[in-house]
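> Protein sequence lines, in the order shown, are assigned to chains S and V.
Its first residue numbered 6, the first sequence is counted upward by one per residue in my numbering.
Its first residue numbered 560, the second sequence is counted upward by one per residue in my numbering.
In this text, a Cβ means the ideal position worked out from N, Cα and C, and glycines have one as well.
Pasting a structure below so you can have a look.
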Amino acid sequence: MSNFAERGGWWVVGQVVWFFAIGFAAFRSPRLSNETMVIAGSAMTVYGVWLSFAGARALGERLTPYPEPLDEVTLMTRGVYRHARHPIYGGVIVSFLGVSLLTGDSLAIGLSLGLVPFFWLKSSSEERRLADRYSDYDRYRDLVPKRLIPWIL
Amino acid sequence: MDIVRFELVDGGLFAYGMTLGELFENAAFGVFSQLFDLRDVSPVQSRPLVAPGDTNNELLANWIDELQAMSRLERIAPSYFVVDRVEEGGVQGSAAGEPIDQVPEMGKRLAVVARDVEVSQTPDGWWASVPFLTSGPDLRLV
């Protein structure tokens, strides 16, 4: 259990619970929102899913749900990681917000917005570990100032 | 107008620079651009370098040699080269790039022929000839 905690496992547990909460809120009484929200929600869902997949594809064997980086892998700095340091988290936020907009459920939208501080804190925990592991992490952070969403956040 | 930093010639490359330091930077870029696709490489990982030498020829040969060793040991594909000081006895600078496993290779093997490296001053600045051997199965720069 201590190994689980050391790797940042509780962040993963919190993340999964949060996802289920959003899913429950969004689909408890499914309905389509107005046209504007459907267009915005669809675009955000597509972009968010793409961003997450682009991040996961770039990470490849480095991919882990834990904040603790895997052993003996290099720091990923290319592809979408050139524009955001945690694009998978950013993609998850945008896609959940998009789905929530599609359903028009205010609780789901609120919970999705709550993912922003959640992933901000999780990525802060991750960055402390990355800085310990990689001596050049501060330099990478300076080169890529956006944390979650390229050019935005 | 584009400034020519280096040009490939039979058996190596010619490098150019307004100053001796710039010449060293451009020669290093020329060598590593034969090994890696440096077009999108960012200066994420940086390492300081010092190379000894009594003559400009020796300094350039050793500078490239040190870069090769750094690249191999640190697993970095360098694309940014900064020379802080070139003086009799040594050259001091740094190189920056990204992890080798994330940078596309050019599919070449290359070995610089250090003893034949030649540096000279021209009316416009500095020039160097950096001979190297390519594509031999036993020749490895990194």
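(1) Which residues bound the alpha helix (DSSP H) around Asp-137 (chain S)?
(2) Does the Cβ-Cβ distance between Ile-635 (chain V) and Gln-680 (chain V) come in under 8 Å?
(3) Mind reading off the beta-carbon distance from Tyr-52 (chain S) to Val-99 (chain S)? Whole number of angstroms is fine, and I expect it under 8 Å.
(4) Is there a C-beta anywhere in chain V that falls below 8 Å from the one on Thr-82 (chain S)?
(5) From Val-701 (chain V) to Ala-654 (chain V), what does the alpha carbon distance come to, in whole angstroms?
(6) Within 10 Å of its beta-carbon, does Lys-1 (chain S) have 16 or more other beta-carbons around it, so buried, or fewer, so exposed?
(7) Beta carbon of Ser-638 (chain V), beta carbon of Phe-565 (chain V): below 8 Å?
(8) Please classify Ile-154 (chain S): does DSSP put it in a helix, a strand, or coil?
(9) Could you list which residues in chain S have their beta carbon closer than 9 Å to that of Ser-605 (chain V), in chain order?
(10) State yes or no: is the beta carbon of Thr-41 (chain S) nearer than 8 Å to at least one beta carbon in chain V?
(11) When DSSP builds the beta bridges, which residues end up paired with Pro-72 (chain S)?
(12) Please list the terminal residues of the continuous alpha helix (DSSP H) segment that includes Ile-44 (chain S).
(13) Taking only beta-carbon atoms, is Thr-69 (chain S) less than 8 Å away from chain V?
(14) Tell me where the alpha helix (DSSP H) around Tyr-94 (chain S) begins and ends.
(15) Going along the segment 73–97 of chain S in order, which residues come within less than 8 Å of chain V, judged by CB to CB distance?
(16) In the DSSP assignment, find the alpha helix (DSSP H) that holds Gln-20 (chain S) and state where it starts and stops.
(17) Chain S beta carbons: is any one of them nearer than 8 Å to that of Gln-661 (chain V)?
Taking the structure as given:
(1) 111–138
(2) no
(3) 6 Å
(4) yes
(5) The predicted position of Val-701 (chain V) is uncertain, since its pLDDT is 41 and thus under 50; a value taken from the coordinates is nonetheless stated next. The alpha-carbon atoms of Val-701 (chain V) and Ala-654 (chain V) are separated by roughly 15 Å.
(6) The first residue shown for chain S is 6 and the last is 158, placing residue 1 (chain S) beyond what the model contains.
(7) no
(8) coil
(9) Asp-141 and Arg-144
(10) no
(11) Note: Pro-72 (chain S) sits in no beta bridge, so no partner.
(12) 40–64
(13) no
(14) 92–108
(15) Thr-79, Leu-80, Met-81, Thr-82, Arg-83 and Arg-87
(16) 14–32
(17) yes
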